[in-house]
């Protein structure tokens, strides 16, 4: 079993309040869940209205599937015109990591 985690640091465009931030981040989180069947949450920068940290997690029987899934999630977020992806950090844990 392999577990992958993806941390996406995002700068939001024309957002001036936490309420506006939620209206931008919430649909992205929902789309990632629906399209890729991964676990997703806004996991950081909760008090900043122009920044968001989105965490994505996936479990699969092989490492290549986890990598492909997380890469696809990153591409989806990077392709959103209302967001600027500042950084993406991948982590993979497998059976050899005991």
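Residue numbers (the working numbering): 93 to 190.
Note that beta-carbon positions come from the ideal geometry of N, C-alpha and C, so glycine has one too.
These figures come from a predicted structure and were not determined experimentally.
- Per the DSSP secondary-structure output, residue 179 pairs in a beta bridge with 101.
- Residue 174 places its beta carbon 7 Å or farther from that of residue 96.
- The residue among 184, 116, 163 and 149 with its C-alpha nearest the C-alpha of residue 143 is 116.
- Excluding its 5 nearest sequence neighbours in each direction, residue 178 has C-beta neighbours in its own chain below 7 Å: 101, 102 and 103, listed in chain order.
- The three-state secondary structure of residue 138, taken from DSSP, is coil.
- With respect to residue 164, residue 186 sits apart: the two C-beta atoms are not nearer than 7 Å.
- When the Cα atoms are used, residue 171 and residue 138 turn out to be separated by approximately 22 Å.
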